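The next block holds one structure in the form of structure tokens; read it before the comments.
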Amino acid sequence: AQSVTQLDSQVPVFEEAPVELRCNYSSSVSVYLFWYVQYPNQGLQLLLKYLSGSTLVKGINGFEAEFNKSQTSFHLRKPSVHISDTAEYFCAVSPLRTGFQKLVFGTGTRLLVSP
Amino acid sequence: ETGVTQSPTHLIKTRGQQVTLRCSSQSGHNTVSWYQQALGQGPQFIFQYYREEENGRGNFPPRFSGLQFPNYSSELNVNALELDDSALYLCASSWGLGGGAQNEQFFGPGTRLTVL
């Protein structure tokens, strides 16, 4: 079984400041890792994913994340945030085994960007 | 290319009633997954359909059931509604199974169900 822990329920930050949203996971099998963003009254949009290869993954809207296998972490970062980045961010994992793709989500981190 | 659409957008039911939620998958996709997102929580996997067959189920009781049609659209049915069923129900479509890059799930905007 897999589980995902997002350590911060809410992260307030000023516009143009850097931000890091933390994610740790637990799994008995190898997993893929994802970050999704959810704007108010909308569905989920994929920001980035780690499937294999380089542990530093770049996504849309200037976000990036680093996979750390030894620490079982996949923290999301952005060097300079905008007001429009205010949203809920979800970290998720999915087992690699063939024939089944089930996303296991964390509880989310609300990013609040103020001027 | 049409994205994932869900209907209705909002729904209010009372305890004990039954509800059907609908999802149209993105063009070219043959796999649909359903998730329940309670207020303040992350989405939880309900089940997945691949080519009209259920292909995996999360920890939800049998009163949660689904269907996938030949055009790959899908329905989620919930019987004997309980107050705790109040949530945002998300549908996601993808092509094929497995975890490869081509299997990225695309989410619809969701249906918000309120059970009174």
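Just so you know, the protein sequences line up as chains P and R, in that order.
In case it helps, the numbering used here puts the first sequence at residues 512 to 626.
In case it helps, the numbering used here puts the second sequence at residues 462 to 577.
Heads up, the beta-carbon is just placed ideally off N, CA and C, and yes, glycines get one too.
Treat the numbers as computed from the prediction; the structure is a model and nothing was measured.
query, result
"Unbroken stretches of the beta strand (DSSP E), 3 residues or longer, contained in the segment 545-596 of chain P", "555-561, 567-569, 575-579, 584-589"
"The segment 517-536 of chain P touching the segment 537-545 of chain R, judged by at least three CB pairs closer than 8 Å", "no"
"Complete beta strand (DSSP E) runs within the segment 476-506 of chain R (minimum length 3 residues, chain order)", "480-485, 492-498"
"Neighbour flag for R/Phe-521 against chain P, beta carbons, 8 Å", "no"
"Buried or exposed (CB count within 10 angstroms, at least 16 for buried), P/Gly-610", "For P/Gly-610, the predicted structure reports a pLDDT of 44, less than 50, and the residue's modelled location is therefore unreliable. The matter cannot be settled from this model."
"First and last residue of the uninterrupted beta strand (DSSP E) at P/Val-530", "530-532"
"Residues that DSSP places opposite P/Ala-512 in a beta bridge", "In DSSP, P/Ala-512 forms no bridge with anything."
"Which of helix, strand or coil DSSP assigns to R/Asn-540", "coil"
"Beta-carbon proximity of R/Asn-491 to R/Arg-512, cut-off 8 Å", "yes"
"Which listed residue (R/Thr-470, R/Gly-464, R/Gln-509, R/Leu-544) has its alpha carbon closest to that of R/Ser-486", "R/Gly-464"
"Closest Cα partner of R/Arg-518 within the set R/Leu-542, R/Val-493, R/His-471, R/Ile-507", "R/Ile-507"
"Residues near P/Tyr-561 by beta carbon distance below 6 Å, same chain, minus five either side", "Leu-544, Val-568, Phe-578"
"Residue of P/His-593, P/Ser-591, P/Val-515, P/Asn-572 minimising C-alpha distance to P/Ser-539", "P/Val-515"
"Unbroken beta strand (DSSP E) run spanning P/Tyr-600, endpoints", "598-606"
"Alpha-carbon to alpha-carbon, P/Ile-594 and R/Asn-564", "31 Å"
"Coil, strand or helix - P/Gly-610 by DSSP", "Confidence at P/Gly-610 is low in this model, with a pLDDT of 44, below 50, so the placement of that residue is unreliable and no value is reported for it."
"Chain R within 8 Å of P/Gln-553, Cβ atoms only", "yes"
"Endpoints, the beta strand (DSSP E) within which P/Ser-539 is located", "Segment: none, P/Ser-539 is in no beta strand (DSSP E) and carries neither H nor E."
"Proximity of R/Gln-467 and R/Gly-557 at Cβ, strictly below 8 Å", "no"
"Reduced DSSP category for R/Asn-532 - H, G, I as helix; E, B as strand; rest coil", "coil"
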